[in-house]
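Notes to accompany the following structure.
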Amino acid sequence: MTVTETGPAALAARAEALDAADGLAALRDRFLLPKGVVYLDGNSLGALPAAVPAAVEDAVRRQWGTDLIRSWNDNDWWGAPLRIGDTIGRLIGAAPGQVACGDSTSVQLFNALTAAARLRPDRQVLLTDPDHFPTDQYIADSVARMLGLTVRRVPVGELADVLAAEGHRVAVAAYGPVDYRTGELADMAALTAAAHEVGALFLWDLCHAAGALPVGLDAIGADLAVGCGYKYLSGGPGAPAFIYVAERHQDAFDHAVTGWHGHAEPFAMQSTYAPAPGIARARIGTPPLLSMLALEAALTAFDGVDMAALRAKSLSLTGLFLDCADAMLDGLGFTVATPREPERRGSQVSLRHEHAYPIVQAHIERGFIGDMRAPDILRFGFNALYVTHRDVFAAVEALREITATGEYTDERFAVRSAVT
Ligand SMILES: *Cc1c(COP(=O)(O)O)cnc(C)c1O
184 MTVTETGPAA LAARAEALDA ADGLAALRDR FLLPKGVVYL DGNSLGALPA AVPAAVEDAV
244 RRQWGTDLIR SWNDNDWWGA PLRIGDTIGR LIGAAPGQVA CGDSTSVQLF NALTAAARLR
304 PDRQVLLTDP DHFPTDQYIA DSVARMLGLT VRRVPVGELA DVLAAEGHRV AVAAYGPVDY
364 RTGELADMAA LTAAAHEVGA LFLWDLCHAA GALPVGLDAI GADLAVGCGY KYLSGGPGAP
424 AFIYVAERHQ DAFDHAVTGW HGHAEPFAMQ STYAPAPGIA RARIGTPPLL SMLALEAALT
484 AFDGVDMAAL RAKSLSLTGL FLDCADAMLD GLGFTVATPR EPERRGSQVS LRHEHAYPIV
544 QAHIERGFIG DMRAPDILRF GFNALYVTHR DVFAAVEALR EITATGEYTD ERFAVRSAVT
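So, in structure tokens, the structure goes:
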């Protein structure tokens, strides 16, 4: 038998060569990855950055334990939301003073959507994606009920046409650049421009983009954005989220949850709300500082990292995964759900298979951690800071073995946990 250029041996050799030439390879040392695990679920919960344990220890023992309440000033706990917001800003193309860190994505979405609607008080329609992450759709519906608006669900592929035809009634379009199931990447610049063309605002949910690929919020003239801290930013379970408010909207930014930390004079303890100037008004209440300081330490994994280089490596990883899947999974019941054109995919590859759930479980037992999204999607996320090309090859090879041998049909892989 001759090994063709796309045969497994050639792909294994290609993976090795790509790793040898990888200028970002050393960044993997910024993470503490367990032995024997190939981690392809950093799009759900990023791996543990090496800087985090000591930072959390310091936050707990010294800052909390010893410095106590003095830490608000002495360790600048007060400044953390905007300080960390600026650090995140660098990764999403936002100049300083436009990002606040805190609370969850769900809470930030609620605030961003209400603020967007109030910035366009004469408009009744809120557009969102029927395939958007559930929380984004639920909150859009809730905000609409609260403010007397109408939610219209328009697939991202039809959004530009709908905006052009009926955009004069649209207050805000709320979408994610990366489809969390298929990994399809939308054209943020074009869609933002299409909304602005008809006077509507755009709210981007960057959960699957922040830290995964370059996002030029300022460059595309973005209005509002939110995103979470625990996916590609690797801030840890329940890490605080962030909100971006473009500088030009900050004076009129009138969100729903007006907490005392966003007050112009928080320690004047006034009985009515007067917003702080600038992005500070997007602060809410006392932030979860232990989580926030963990996120701050986690973000040092991006120190000196050029997001364009990170994107190039990410595309190299996902491209190799697709080539391996084509060559090695043929005839085993898989189809590729992720666009093949590099500019149309995020940092994830999704496959469909009728038996996605048990296959993912069997894969995990072998040490390859991806996840499954109902009904039939196997999802693999590639954080280019720590995933290697050899990981990619080994993951597909294991998928092939599990499926070709029927290993996944063992009944232990059919047991469903609460979280999938
Ligand atoms: C992960 C994710 C969320 C999660 O919201 P939480 O409030 O952190 O639970 C929301 N929206 C999108 C698009 C996501 O990918």
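Offset between the sequence shown (1-based) and this note's numbering: plus 183. Where is the CB? At the ideal position from N, CA and C, for every residue including glycine.
Cβ neighbour criterion (16 or more within 10 Å) applied to residue i
{"i": "T365", "result": "buried"}
{"i": "L201", "result": "buried"}
{"i": "V337", "result": "buried"}
{"i": "G219", "result": "exposed"}
{"i": "T521", "result": "buried"}
{"i": "A448", "result": "According to the sequence as given, residue 448 is Glu; it is not Ala. With fewer than 16 Cβ atoms within 10 Å of its Cβ, E448 is classed as exposed."}
{"i": "A597", "result": "exposed"}
{"i": "T455", "result": "exposed"}
{"i": "T501", "result": "buried"}
{"i": "R527", "result": "exposed"}
{"i": "V215", "result": "First, the residue type needs correcting, since residue 215 is Leu and not Val in the sequence shown. Exposed, since its Cβ has fewer than 16 Cβ neighbours within 10 Å."}
{"i": "P458", "result": "buried"}
{"i": "A347", "result": "exposed"}
{"i": "V353", "result": "buried"}
{"i": "V243", "result": "exposed"}
Reference residue i, options the options, closest by Cα
{"i": "V409", "options": "L512, A465, A376, E199", "result": "A465"}
{"i": "V355", "options": "A327, A422, E341", "result": "A327"}
{"i": "A204", "options": "E584, E380, A492", "result": "A492"}
{"i": "H351", "options": "Y569, V381, A447, G529", "result": "V381"}
{"i": "F385", "options": "G487, L265, D312", "result": "D312"}
{"i": "A257", "options": "L265, W247, P264", "result": "It should be pointed out that residue 257 corresponds to Asp in this sequence rather than to Ala. Answer by Cα proximity: W247."}
{"i": "L330", "options": "L342, L346, P304", "result": "P304"}
{"i": "E349", "options": "A378, T189, R245, A481", "result": "A378"}
{"i": "D286", "options": "Y569, M475, P449", "result": "M475"}
{"i": "T603", "options": "P558, T571, L568, V334", "result": "P558"}
{"i": "W387", "options": "P460, W260, A198, L407", "result": "L407"}
{"i": "D314", "options": "L296, T333, L342", "result": "L342"}
{"i": "T571", "options": "G206, A393, Y321", "result": "G206"}
{"i": "T586", "options": "P541, T288, A601, L568", "result": "P541"}
{"i": "L210", "options": "R573, D486, E537", "result": "D486"}
{"i": "I560", "options": "T518, A208, A323, I547", "result": "T518"}
{"i": "A601", "options": "L396, A383, M555", "result": "M555"}
{"i": "R266", "options": "C507, F425, H546, A567", "result": "F425"}
{"i": "G412", "options": "L582, A230, H546", "result": "A230"}
Check: residue i C-beta below 7 angstroms from any heavy atom of ligand 1
{"i": "V424", "result": "According to the sequence displayed, residue 424 carries Ala and not Val. Because some heavy atom of ligand 1 lies under 7 angstroms away, the Cβ of A424 counts as near it: yes."}
{"i": "S474", "result": "no"}
{"i": "T288", "result": "yes"}
{"i": "H391", "result": "yes"}
{"i": "K414", "result": "yes"}
{"i": "D319", "result": "yes"}
{"i": "Y358", "result": "no"}
{"i": "Y540", "result": "no"}
{"i": "C284", "result": "no"}
{"i": "D269", "result": "no"}
{"i": "D388", "result": "yes"}
{"i": "Y569", "result": "no"}
{"i": "C411", "result": "yes"}
{"i": "F293", "result": "no"}
{"i": "F316", "result": "yes"}
{"i": "Y591", "result": "no"}
{"i": "Y363", "result": "yes"}
Cutoff 7 angstroms; reference residue i; Cβ partners in own chain excluding five residues on either side
{"i": "A369", "result": "V339, Y358, P360"}
{"i": "F504", "result": "V532, F563, V575, V579"}
{"i": "T375", "result": "F385, I403, G404, A405"}
{"i": "R431", "result": "none"}
{"i": "G461", "result": "G280, Q433"}
{"i": "A195", "result": "F576"}
Sequence-distant residues of the same chain with beta carbon closer than 6 angstroms to residue i, five excluded per side
{"i": "P525", "result": "L498"}
{"i": "A278", "result": "D401"}
{"i": "P264", "result": "A283, C284, G285, R466, P470"}
{"i": "V345", "result": "V337"}
{"i": "D269", "result": "P279"}
{"i": "D324", "result": "V334"}
beta-carbon residue i near ligand 2 non-hydrogen atom, thresh 7 angstroms
{"i": "D554", "result": "Judged by which ligands are present, ligand 2 is missing from the structure shown, whose ligands are ligand 1."}
Beta-carbon contacts of residue i that lie in its chain and below 8 angstroms, excluding the five residues immediately before and after
{"i": "A577", "result": "V221, F551"}
{"i": "E584", "result": "E590"}
{"i": "D319", "result": "L292, T311, D312, A357, G359, D388"}
{"i": "V186", "result": "Annotation note: pLDDT 48 at V186 (below 50); position unreliable, coordinate value reported separately. For V186, where only same-chain residues beyond five positions count, the Cβ hits under 8 angstroms are A192, A193."}
{"i": "A373", "result": "A343"}
{"i": "T333", "result": "Q307, V308, L309, A327"}
{"i": "A429", "result": "Q281, L400, D401, G404, A405, D406, L407"}
{"i": "A480", "result": "P232, A234, V235, A237, A238, V239"}
Counting Cβ pairs, one atom from each stretch, are 3 or more of them under 8 angstroms apart for the segment 290 to 308 and the segment 480 to 499?
As far as the Cβ criterion goes, the segment 290 to 308 does not touch the segment 480 to 499, which means the pair count is below three.
So, do the segment 546 to 556 and the segment 503 to 522 have three or more beta carbon pairs nearer to each other than 8 angstroms?
Contact between the segment 546 to 556 and the segment 503 to 522 is absent: fewer than three C-beta pairs spanning the two stretches fall below 8 angstroms.
I want to know whether the segment 218 to 226 touches the segment 454 to 471 - three or more CB-CB distances under 8 angstroms.
Taking one beta carbon from each stretch, the segment 218 to 226 and the segment 454 to 471 have fewer than 3 pairs nearer than 8 angstroms; the two do not touch.
Report yes or no: do the segment 241 to 258 and the segment 270 to 279 share at least 3 C-beta pairs separated by less than 8 angstroms?
Counting C-beta pairs with one atom in each stretch, the segment 241 to 258 and the segment 270 to 279 have fewer than three that are closer than 8 angstroms, which means they do not touch.
Can we say the segment 434 to 454 touches the segment 408 to 422, given the rule of at least three CB pairs closer than 8 angstroms?
These segments do not touch.
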